[in-house]
Every structure is written in C-alpha cells, then in structure tokens.
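Trainee:
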Amino acid sequence: PVAPRTAPDFAPPPGAPHKRATLALERDREQVRVLPDEHGLWVRGANYKLRFEPGRASFVPFLASHAPRNFPIDFVVRRATVAGQPLRLAPDAKPQATELRVELDHGAFSERWDLAPRSVEQSFVFAELPRRGELALELDVTTELAARETPDGFEFFNDYGHALYGRAVALDASGARLALETELRDDVLRLTVPASFVARATLPLVIDPVLASFGIEATPTDTLSPDVTYDTTGTAILYCWEEIFSASDHDVWADAYDPAGNPLYRGEWIDATATYWGRPRTASNGATDRFLVVAHTINTTTGRVEVWGRTRSVTSTLISAQFKILGNAGYDVLYPDVGGDPYPTGPSYFLVAYERIYAAGVDHDVNARLVTANATLQGGVIGVDQSVNTYDIEISVSKSNSSDAWNLAWQRASPAGGNDILGARVAWDGAVVAPTFPVAVGPLDHTAPAASSSPAGTDRWVCVYEEDYGTDHDIVASGLEGASVRRTLNLSTYDGNFLGQDQRTPAIDSDGTHFAVAYSELYSTSTTDFDVYVSEVLFNGISMTVLQAHQPVFQTDGAEIEAQITSPESSNPAQSTHDYTLAWHREPDFYFFASDDILGATFRGTSGGSVASFCDGSTIQCPCGSGTATVGGCPNSFTSAGARLAWSGQPSTTTDSLQLFVAGLPPNTTCLFFQGANSINGALGSVNGDGVRCAGTPMRRLALTLASPSGGALFPAAGQLPLTLAGSIPPTGTTVIYQAWYRNPAPFCGPSTTNLSNALVVAWTP
C-alpha cells in the first residue's frame, strides 16, 4: 500500500529495491587492431600506434594521457648496400597487412612489422643477394624525442616516457644468429651485418630489431565521455567512449556487452588515428540493427572542428569507413548528439544534432543532419534554431524517435542572466514539427538538459536539467506533451536528507512506461567525490511523481560523473523489460584508482502506475465532524472512522490487476463505485450529504453493489470488467480519481442519508 497524501500530484514513497550489477568496462587492452584507410594503414596496440604510408612507417609510443601531443618516430629506408654496392630499392613501397603483420616490399628486400600488443618487431628480409659481402642498411629516423644509446639499444625519450629500439640481430634460415653492430648518428640508423656472416648465411637472411614503448605513468590510457545503446534484440549493448592517447590525440572505442555485463568480444576502434576525436555519442537503427557513433574531430588542415561518424554492427565485425557529417572552413561544429530510429523497415535514419559556432561566445546555433545506416547523408542541413545572437549549447537528442519524432533540448543564455532550457521536435524525415519552445525559463539558472524518448504511441516525454540554487544544484524534470510543458517536478526534493547535496549532469531515458533519470551527487562535504544515483519517474501526461528516489548505483572515493542511461525500448518499442543500462566516467582518486575509467551497471525499474489516498478525515472538513476518521471518509452511523477505500494490484493498462475495496460501510447498504477525471477544490472536495466528494467531473459510474453483512464491498469482482475497460482508460495511460458513494439511512447527524469514502488518485501507465 501507498502512504496517504494530501493532493493528487504528491508522490508515493519509493518502491521495492531494484537489482543492481556493477561491471567494469575495461576493454581488453592486450590486443592489436589494423585499420586501413585511403592513404595507408593505422595500427593500434595496447601502448602504441603505427602509421604506414608508402615507403614510410611511423611509430607513435603512448607516453602519458597528459602528454601535450604525440611524439612519433618516423622510419624511412635510406639505402642498402652489399659489399659496398647499393641495392636497387622500389620507390614508395605500399604497406600490405596480413593478420598481425604489415609488410613493405622494397624490391631488394622486404620490410616486415610483426605486431604484438605492447611491442613491434621490425625485420628486414633478404630472400636473395646479388653478391656476398658486408650488408649495411640505413634508415632515416625523424622524431622530436631525444636519443641516447643504452646497453639494450637506442632509447628515444622525453619527460613523459620513452621508446626503445632494441639491439638488432641477424638470423639465417639455418638458425645461425649474430648480434649486430648498430649506430645512430645524425638521425641515421645504420645496421651492419659482417661479411663473414653474410658469406656463410643460408638465405633468407633477416635483420631483426624490436621496438617497444615505456610510459612514465605506467597506467592505462585515460578514458571519458561514455555513451550506451541497446541493439534491436535487447541482447547486446554498445558502449562507446573516448581514450586520451595524448592531449592532441583522442581516440574512440566501441565495444559490445550483454545486459549482464559480459563482454561479447566485438570491440572495434571508431578512430585510432592521430586525429582528435572527442565526446562520442551513439544510437541504433532498427531496420538494419546497426549503430552510428558520432564525435567531433579537429581537421588537421583547416584547424576547424567537424562532426564525423562511423556505423557498425554488434552481431558481426561489419564497420563502415569514417565519414564526415558536417564541417567546412567557415565554422566550427561540435558536441554532436545522435538519436536512432527503431522502426523495423526503411526508410529510416539517424538524427545527428550539433552546435554550430556562428560567432564564438555570442551566436551559437542548433543544427542537425539525417544519416543513413549505410553511412551516407540524407538531405541537407536542418536548421533547428538559427536565431540571431542567441547562445545555444549543450544539445541533447532523445535516444530514439519511437513516436516518429525526436525530442531535442538545449541550453540558451538568458538575456536576464543565467540560462534557460529550450526544446524542439524533429520528425523521422527531418521536418521540424515543433520549432523552438520554452521548457524551463525563469530567474533561476537552468543548465545541462537531457531529453528522453517518447513512449510508443504518445508525444509524451520528459526533459531533465540542473537548477542552480546558489549553494547547490537540484535535478528538475519537466513533463511535456509534444511542445507543451504539462508538469514540472523537482526530483531532488524526494531525496530526503540528501536534498542539500549538489546534484549534477542528469541523463534520462524511457522504458515505454516510466522514465529513469541518472545523475551524479556530491558526497557529504567533499568537493570532488561524486556518486551515481538513479530516480524513477512516472509521467502519464497528467500526473508526475517519483516512484523510486535516490537509488545508489555506484559509490567510491573517486568522482563518478558523465552518467548516461538507456533502455531496450529505445531501440525496439516491442521490448517489455523495465531494465536500464548505465555507463559513466570514474576519475582517479590516486589511492584506489590511478586512471580515468568507464564503468557500467544495470537498474531495474518498476511496472504500472501509482495509487495514493487523499480526501480523508485528516484533510477535509466533514459536515458532522471528523470523528476518528484519519484514513477513511467522514464518519457514518456504523463507524466514526468512516468508510475507507483501499486497493490491491497494479494500475497498468497492459496488465490491469487493480481492484478497489471499501470497508466501514453500514451492513447490506447500497454502494456505488465511481470515477472522476478531476479533483474538486484543489483536493479539499465539496460537501455532499454527510460526506465530502473529491472526484469531479466528468464522472463515470462503474458499479452499483451491495455491502456485505460486515460492511465491505469490492470492484471489480469475479466476472466484472477490469477497471481499464469499465473506466475507458486509454492504453497510453491517464490519471483518474476513484471514490465510493453509499446510502446511510440510519439517523446520524442530519437529514441526509448518503455519505462517501475517502478518494484514491490513480496514475495509470502501460
């Protein structure tokens, strides 16, 4: 049962605890990925990158995430001689990849790079020699790193770490082996095989050094900016996040897990080049079961920020080439967000919304593009809001357009100071069906909005955002029907003793019934220790309340921030689970955790709506006095506690089990259960006979019945229509008020012979 409340929009207490499972999204770093592009190849290992272009190899050691930029070491074969005579080299040898090897065919010999997770083995293979004699190989070595000779080879170093080019050895086909003389002078590396060894060698002859990275930090790369999305089946979840290789080189990784947090070993680099890719976001397409991952990147030629993306599957290794979504030399476009389309057949698209900087700090616009699951663009730029001299930032797009429209929200600097929250809606085909409208406008500062998906078959959605009270921030939710705000609720007021804590960066999604809001809350008096919480919200277009408040998801001494949340229903409305999946960024505390990591968890929501009692003797003015009535209606001739209307079951439009029963009636009297659409006099009601009626018009009679000899009655009884059918409750839900009217013919306090029970306000949801 739900505790009494005094008005229909007050919340019941939190529901039963949900099941939580925390999982660490530490991808398997002991791996190698070979990533071809139009100019050559990229290789990404656990602590290095390799760039191959015709005739050139560039080794990029991972030194530290806080290194100001990358410090590559370029290797280009300069010349090779046998017995002092030069060998003819093929120009611009093209790199060819096979499994964990990249090979450049220089004609006279082959340059091979064998790839391991934490080192690479460069070798030079001479299958034939035109003559015998001393074999000398020279390479041009170009790098900003300083170089020094050590007993193990040559060390290329700076303040952030070093790379070791190991001592080379010569090997022949018979197994003969010889450590070689190696010299580095004036940026030229010379490897020499003595004539005596060459004379006896059984071909092929191999020169073999090893190259490895060593960072001063000795910790994994820092990771941040996670996002998460389900696939169409609900059995696979794509997580993506940003990895800091250096300050100028951020990469994006996307990996698949099942709902229990078990890796599916389908991880792929969205970007592992030397280009900066930041703030990735992802969504899914139901017709193809593909995902789009978007990020903003820095064009190394123009210096402009652009939006790029890549599509991929979680059921296979299918992944598209990187492609530009928007960017030109005139403006920076950044901070993209993306919404998917769960519709099972095409045509369907992704909506990528982004911020365009028309005039830095003065005029920022909200634009969007449609993108197909085949990594192509559909139509032109969608000008969601290009108003003049407005500063629009922090754009959020709903995870899906499950009701044929994406919901957008963003933050705009207010002329009065502070910030407001605005919204818009874009149809599946790119039409702006609801241009800019206000969501939260007022004297307080509103920031960091997040837009939910709409439950299928409705235009209903919720926008959550921060509200600044000076000493702390609260999380506030506005419930909308299309472009109209119907309810606004401060979620933090349901957090009890934690109301005064600083609560930041909300995220939201819908399971098709309710809405789950993830956020970070500052712990106690700390200024850095944020923990992740979830609150579950009911909004059915009329009522808005919190079903589960301040549910802890993850609490450590580090800062858990940037939480994202998603549900299977966003990717497929036919899903019926009430589970959600979260991902967030944990900053190091330098005691338990040394690096920035990405973590995840599951959250279990509830089903059905809410029920609460009001209009009882503790809050209304009974015409004959309240007697002992505190939870029931006004006193009657049978009991001074009055008739009490209670309930059992679930107010769900899909699995309706709600049953009303009333006790404290005069025995064998006539009782009428009825339904009202509105409360009367702000839930205080109006006098009606010896009681107070709180269920207002329009009203519907549900059932006329007789009380039992003990003074009880119920509806629906066996064989009667359920409440959803008897009361014509729409499948998408609504809020109604139930009350029981009854006859009380025995003399009581006045001439009236009728009375009423207390009332129940019921918020129906699917």
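FYI, the numbering for the sequence shown is 7 to 772, going by this note's numbering.
Virtual Cβ for every residue (Gly too), placed ideally from N, Cα, C.
1. With residue 575 as the anchor, note down where its alpha helix (DSSP H) starts and where it stops.
2. I need the boundaries of the alpha helix (DSSP H) containing residue 491, first residue and last residue.
3. Look at residue 300 and residue 260 and say whether their C-beta atoms are less than 8 Å apart.
4. What first and last residue would you give for the beta strand (DSSP E) that runs through residue 301?
5. For residue 250, which beta-bridge partners are listed by DSSP?
6. Would you decide whether residue 566 is buried or exposed? Buried here means 16 or more other CB atoms lie within 10 Å of its CB.
7. If you follow the beta strand (DSSP E) that residue 107 is part of, which residue opens it and which one closes it?
8. Classify residue 503 as helix, strand or coil using the three-state DSSP reduction.
9. Tell me where the alpha helix (DSSP H) around residue 730 begins and ends.
10. Would you kindly report the start and end of the unbroken beta strand (DSSP E) that includes residue 536?
11. Helix or strand or just coil, what does DSSP make of residue 752?
12. Quick check on residue 731: buried or exposed, where buried means 16 or more other Cβ atoms within 10 Å of its Cβ?
13. Just the C-alpha distance for residue 68 and residue 50, rounded to the nearest angstrom, thanks.
14. What first and last residue would you give for the beta strand (DSSP E) that runs through residue 163?
15. Roughly how many angstroms separate the alpha carbons of residue 472 and residue 719, rounded to a whole number?
16. Tell me where the alpha helix (DSSP H) around residue 205 begins and ends.
17. Expressed to the nearest angstrom, what Euclidean distance is found between the alpha-carbon atoms of residue 505 and residue 551?
18. So what does residue 392 bridge to, in DSSP terms?
19. Examine the Cβ distances between the stretch 749 to 757 and the stretch 602 to 612 and report whether three or more of them are shorter than 8 Å.
20. At what residues does the beta strand (DSSP E) containing residue 452 begin and finish?
21. Is the beta carbon of residue 729 less than 8 Å from the beta carbon of residue 722?
22. In three-state terms, what does DSSP make of residue 386?
23. Between residue 621 and the rest of its own chain, which residues show a CB-CB distance below 6 Å, the 5 nearest in sequence each way excluded?
24. List the whole-angstrom C-beta distance separating residue 99 from residue 111, where the pair is believed to meet the contact cut-off of C-beta under 8 Å.
25. Can you name the start and end residues of the beta strand (DSSP E) that residue 316 belongs to?
26. Given 8 Å as the limit, is there contact between the stretch 449 to 469 and the stretch 531 to 549, that is, 3 or more CB pairs closer than that?
27. Can you round the beta-carbon distance between residue 279 and residue 249 to whole angstroms, since I take them to be within the 8 Å contact cut?
28. Identify whether residue 463 lies in helix, strand or coil by the three-state DSSP scheme.
29. Please report the residue range of the beta strand (DSSP E) in which residue 95 lies.
30. Give the C-beta separation of residue 668 and residue 746 to the nearest angstrom, bearing in mind that I take them to be a contact with Cβ-Cβ under 8 Å.
31. Who pairs with residue 720 in a beta bridge, going by DSSP?
32. Can you tell me the Cα-Cα spacing of residue 631 and residue 408, whole angstroms?
33. Just how far apart, CA to CA, sit residue 83 and residue 61?
34. Taking residue 445 as the reference, give the member of 391, 422 and 417 with the closest Cα.
35. Quick one: what does DSSP say residue 478 is sitting in, helix, strand or coil?
36. Just how far apart, CA to CA, sit residue 192 and residue 573?
Mentor: The relevant details are as follows:
1. Translated into the one-based positions of the sequence shown, residue 575 becomes position 569. Per DSSP, residue 575 belongs to the alpha helix (DSSP H) from 574 to 577.
2. Translated into the one-based positions of the sequence shown, residue 491 becomes position 485. From DSSP, residue 491 is part of no alpha helix (DSSP H) but of the beta strand (DSSP E) over 490 to 496.
3. The residue labelled residue 300 in the question sits at position 294 within the sequence shown. The residue labelled residue 260 in the question sits at position 254 within the sequence shown. Result no, Cβ atoms of residue 300 and residue 260 do not sit closer than 8 Å.
4. Residue mapping note: residue 301 aligns to position 295 of the sequence shown, counting from 1. Residue 301 -> beta strand (DSSP E) spans 296 to 304.
5. Here residue 250 is taken as the residue at index 244 of the sequence shown, counted from 1. 228 and 256, per the DSSP bridge assignment.
6. Taking the first residue of the sequence shown as 1, we reach residue 566 at position 560. Residue 566 comes out buried.
7. As a position in the sequence shown, residue 107 is number 101, starting the count at 1. Run containing residue 107: 107 to 111, per the beta strand (DSSP E) assignment.
8. As a working note, residue 503 is residue 497 in the sequence shown. Residue 503 falls in the helix class under three-state DSSP.
9. Indexing the sequence shown from 1 puts residue 730 at position 724. Counting along the chain, the alpha helix (DSSP H) containing residue 730 begins and ends at 729 to 732.
10. Along the sequence shown, read from residue 1 onward, the residue named residue 536 stands at position 530. Counting along the chain, the beta strand (DSSP E) containing residue 536 begins and ends at 536 to 545.
11. For the purposes of this step, residue 752 is taken as residue 746 along the sequence shown, with counting starting at 1. Coil.
12. Taking the sequence shown and counting its residues from 1, one reaches residue 731 at position 725. By the neighbour-count rule (16 or more Cβ atoms within 10 Å), residue 731 is not buried but exposed.
13. What you label residue 68 is simply residue 62 of the sequence shown in a count that begins at 1. What you label residue 50 is simply residue 44 of the sequence shown in a count that begins at 1. Their Cα atoms are separated by approximately 10 Å.
14. Within the sequence shown, numbered from 1, the residue matching residue 163 stands at position 157. Per DSSP, residue 163 belongs to the beta strand (DSSP E) from 159 to 164.
15. Along the sequence shown, one-based indexing puts residue 472 at 466. Along the sequence shown, one-based indexing puts residue 719 at 713. When rounded, the distance between both Cα atoms is 47 Å.
16. Within the sequence shown, numbered from 1, the residue matching residue 205 stands at position 199. Per DSSP, residue 205 belongs to the alpha helix (DSSP H) from 201 to 206.
17. To locate residue 505, count along the sequence shown from 1; it is residue 499. To locate residue 551, count along the sequence shown from 1; it is residue 545. Going by the C-alpha atoms only, they are around 16 Å apart.
18. As a position in the sequence shown, residue 392 is number 386, starting the count at 1. According to DSSP, residue 392 bridges with nothing at all.
19. no
20. Here residue 452 refers to the residue found at position 446 when the sequence shown is read from its first residue. Here the beta strand (DSSP E) through residue 452 covers 451 to 457.
21. For the purposes of this step, residue 729 is identified with residue 723 of the sequence shown, where counting begins at 1. For the purposes of this step, residue 722 is identified with residue 716 of the sequence shown, where counting begins at 1. Yes, the pair counts as a contact, with Cβ atoms nearer than the cut-off.
22. By one-based count along the sequence shown, residue 386 stands at place 380. Strand.
23. As a first step, residue 621 is located in the sequence shown; it is residue number 615 there, counting from the start. The answer, listed in chain order, is 691, 700, 764 and 765.
24. Sequence index remark: in the sequence shown, residue 99 carries index 93 (1-based). Sequence index remark: in the sequence shown, residue 111 carries index 105 (1-based). Yes, they are in contact, since the Cβ atoms of residue 99 and residue 111 sit about 5 Å apart, within 8 Å.
25. Sequence index remark: in the sequence shown, residue 316 carries index 310 (1-based). Looking at the DSSP string, the run of the beta strand (DSSP E) that includes residue 316 is 311 to 319.
26. yes
27. In the sequence shown, the residue the question calls residue 279 occupies position 273. In the sequence shown, the residue the question calls residue 249 occupies position 243. So it is not a contact: roughly 12 Å between Cβ atoms.
28. Stepping through the sequence shown from its first residue, residue 463 is reached at position 457. Residue 463: coil per DSSP, three-state reduction.
29. The residue given as residue 95 occupies position 89 in the sequence shown. Counting along the chain, residue 95 falls outside any beta strand (DSSP E), and DSSP gives it neither H nor E.
30. Position 662 of the sequence shown, counted from the start, is the residue given in the question as residue 668. Position 740 of the sequence shown, counted from the start, is the residue given in the question as residue 746. Indeed, because the Cβ distance is near 5 Å, the residues count as touching under 8 Å.
31. Walking along the sequence shown from the start, residue 720 turns up at place 714. According to DSSP, residue 720 bridges with 667.
32. Counted from its first residue, the sequence shown places residue 631 at position 625. Counted from its first residue, the sequence shown places residue 408 at position 402. C-alpha separation (whole angstroms): 52 Å.
33. Position 77 of the sequence shown, counted from the start, is the residue given in the question as residue 83. Position 55 of the sequence shown, counted from the start, is the residue given in the question as residue 61. Distance between the alpha carbons of residue 83 and residue 61 is about 7 Å.
34. For the purposes of this step, residue 445 is identified with residue 439 of the sequence shown, where counting begins at 1. Comparing Cα-Cα distances from residue 445 to each of 391, 422 and 417, the minimum goes to 417.
35. For this step, residue 478 is matched to residue 472 along the sequence shown. The answer is coil: DSSP assigns residue 478 none of H, G, I, E or B.
36. Translated into positions along the sequence shown, residue 192 becomes position 186. Translated into positions along the sequence shown, residue 573 becomes position 567. Spanning the two alpha carbons is a distance of roughly 59 Å.
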